Amino acid sequence: MQPTSLNYHIRSLTILRFGQSTLRLTQIAITRITYLLDNPRFTDTCQHVSSKRYHQTLCYWYILSSTVFLYYYLGMLGMLCTILQPTFLHIMTCICSRNAVWTIHILYMFVIHILKIPNGPFQSWLGITDEKHYILTLVMCWIHLRSISHNMDNIDDQFSSSNNFVQKLAYCLYLPTLFLGPLILYHEFVGSIKQPHQYWDCQKFLTFMLNLVRYMFWCFFTELLLHFIYVNAIQYQLQVLQNLNSWELFGLGYCMGQFFFNKYVVMYGTCSNLCYLDDIKAPSQPKCIARIHLYSDMWKHFDRGLYKFLIRYIYVPIRKSNRCFGKLFASFLCFTFVFIWHGIQMNIFIWALLNFIGIHLRLLSVCGLIRTLIENARKYNKYENIYYQMVKYFVMRELLLFHIMIISSLFNIGKQKNNDSLCYYTFLGMLVATSKSEVKIFEYLQTSINRLSTSPPCLKTALDSPIFAFIYSCIINKIRFVQEHFTISKLYPVI
162 MQPTSLNYHI RSLTILRFGQ STLRLTQIAI TRITYLLDNP RFTDTCQHVS SKRYHQTLCY
222 WYILSSTVFL YYYLGMLGML CTILQPTFLH IMTCICSRNA VWTIHILYMF VIHILKIPNG
282 PFQSWLGITD EKHYILTLVM CWIHLRSISH NMDNIDDQFS SSNNFVQKLA YCLYLPTLFL
342 GPLILYHEFV GSIKQPHQYW DCQKFLTFML NLVRYMFWCF FTELLLHFIY VNAIQYQLQV
402 LQNLNSWELF GLGYCMGQFF FNKYVVMYGT CSNLCYLDDI KAPSQPKCIA RIHLYSDMWK
462 HFDRGLYKFL IRYIYVPIRK SNRCFGKLFA SFLCFTFVFI WHGIQMNIFI WALLNFIGIH
522 LRLLSVCGLI RTLIENARKY NKYENIYYQM VKYFVMRELL LFHIMIISSL FNIGKQKNND
582 SLCYYTFLGM LVATSKSEVK IFEYLQTSIN RLSTSPPCLK TALDSPIFAF IYSCIINKIR
642 FVQEHFTISK LYPVI
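Following our numbering, the numbering of the sequence shown begins with 162 at its first residue and continues without gaps.
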């Protein structure tokens, strides 16, 4: 019995020692864990690892959801085309210089235009309908812009920590903006997904639903009006336009612009609203064209994503200085890119060319107009002081804030008549038509109108045209309105 009792005591002692050692190790572990939890560096490391895993999971989810939808809508070959495009461009441009990257992307845009050919080899190989072929090529065009944005941001080495293929693929295939846009730049997309996750609340969901109802209303409203105003179908019945008078023709042209605006409000607004749920910062909806008076603002506020793309990746890098030629050449390259990206067709070429001329003609006309007005003002002592001050005020405060089409037309008539008084009178109308004119400018207008005859002889000839008669009446009515509603007690110094 003694050996058994000895073995029992040895086992008991061993268990006791093991329990004490385990308790000691547990206490040490608890102390270490407490220390680590209280250490800010350890907490930041854990949060960084958790955030990184969350971002990776989010990117995989974006890729998976888009891939499933593309497979459902376009089939296996269409899905492979959309995935292989950013993959191929990533392999071709990941180690290239900026010039080489642009060369590859421009060449690939020509490839996309070849793939756009209806009933061509590409569509026959895919075996899809015309609608799906159009949608596929549209997706490829959007993906191409996103690939350029990714390459340009990583060449500058500003987002090297985000330089991975998974994140680029998630950016290119992000489903809410995959088909209809708007364009989100790569650094904005990365900055959005790196923000801390925010759960939906009632306020956020209510904002989403209100915006959704708003865009659906404009969608059905536009669809309803298309049953009465055939702005799209009329291009196939051009003989109808021959029976329209001037007011009807101009009204139809205005309605075409408004319908174009409504279409992009619905498309960009709905997609941006879906991005809002994912906390992705998307460009805001287009600005109404009815309250844009400068055509340069049309490009700035209509498609804001494309505008930021052109400014960031083409205009600013090309424009080395503030000289006129540098700005003109950089702007020319921007419109050339727009022409190639939209499609190498004659109507798109004319549209891009007229946009380029219309934007830069205003600046060139303003410079020529100011120079001519100063030279003419110095010829007449009685007008020299007031008009020189008005020109100075206009150059400092209102240089780019008037309608160039009206001013250039009136000014050209004045030059053809060789009468300087009409030039001065035109300049007065230009100042009145300025959108942001301040109250003090009307003091100079009133003084100038008193010195000029109310109806110069050459102005009567110009007013034979109904358009200029309407412009003249608007200018005079605006002057009278200001004189009736604004009282200026003393002259204000011109800045």
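Backbone N, C-alpha and C fix where the C-beta goes; we use that ideal spot for every residue, glycine too.
Keep in mind the model is a prediction, meaning the values are calculated, not measured.
Neighbour-count burial assignment, residue i, 16 or more Cβ in a 10 Å radius
i, result
"Y429", "buried"
"H305", "buried"
"W263", "buried"
"L371", "exposed"
"A261", "exposed"
"T243", "buried"
"L583", "Here L583 scores only 37 on pLDDT, less than 50, and its place in the model should not be relied on; the value that follows carries that caveat. So L583 counts as buried."
"S285", "exposed"
"L367", "exposed"
"V499", "buried"
"Y360", "exposed"
"F271", "exposed"
C-alpha distance - residue i paired with residue j, whole-angstrom precision
i, j, result
"H388", "N312", "45 Å"
"I574", "P447", "Below a pLDDT of 50, predicted positions are generally treated as unreliable, and I574, at 36, falls in that range; the measurement from the model is reported next regardless. Going by the C-alpha atoms only, they are around 36 Å apart."
"F463", "P444", "10 Å"
"L455", "L467", "18 Å"
"K488", "H521", "10 Å"
"Y223", "F422", "29 Å"
"M253", "P247", "10 Å"
"V300", "F340", "5 Å"
"A331", "T228", "10 Å"
"Q450", "S457", "In the sequence as displayed, the identity of residue 450 is Ile instead of Gln. Going by the C-alpha atoms only, they are around 12 Å apart."
"L385", "V426", "16 Å"
"G288", "L336", "24 Å"
"N399", "L410", "This sequence places Leu at residue 399; Asn is not what is there. When rounded, the distance between both Cα atoms is 12 Å."
"Q328", "M237", "23 Å"
"C380", "K424", "8 Å"
"I505", "N406", "34 Å"
"L225", "T218", "10 Å"
"W664", "I390", "As shown, the chain starts at 162 and ends at 656. That puts residue 664 outside it, with no answer to give."
"L231", "G281", "21 Å"
"Q403", "R452", "29 Å"
"R375", "K365", "15 Å"
"L515", "K461", "17 Å"
"G412", "F378", "23 Å"
"R484", "L245", "42 Å"
"F486", "F369", "46 Å"
"I511", "R214", "50 Å"
"L241", "N508", "32 Å"
"R465", "A513", "17 Å"
"V477", "C302", "23 Å"
"A394", "F283", "28 Å"
"Y474", "C257", "16 Å"
Beta-carbon proximity check, residue i vs residue j, cutoff 8 Å
i, j, result
"F493", "F470", "no"
"I479", "A491", "yes"
"H266", "D314", "no"
"I345", "I275", "no"
"N434", "L373", "yes"
"C436", "T338", "yes"
"T290", "I273", "no"
"M417", "V392", "yes"
"L250", "Y269", "yes"
"F350", "T383", "no"
Residue closest to residue i, alpha-carbon to alpha-carbon, out of the options
i, options, result
"D362", "L438, K293, M459", "L438"
"I472", "F496, P343, A451, I450", "F496"
"Q396", "M459, G414, Q419, I256", "G414"
"C255", "N280, C302, S310", "S310"
"M459", "G519, W303, Y474", "G519"
Rounded Cβ spacing between residue i and residue j (contact assumed at less than 8 Å)
i, j, result
"C333", "S353", "C333 to S353, Cβ: 15 Å. No contact."
"P105", "C432", "Because residue 105 is not part of the residues shown, which for the chain are 162 to 656, the question remains open."
"I296", "R259", "Actually they are not in contact, since the Cβ atoms of I296 and R259 sit about 32 Å apart, beyond 8 Å."
"H662", "K355", "Nothing in the structure corresponds to residue 662, since the chain is present only between 162 and 656."
"Q239", "K293", "Contrary to the premise, residue 239 reads as Gly rather than Gln in this sequence. With a Cβ gap of about 7 Å, G239 and K293 count as contacting."
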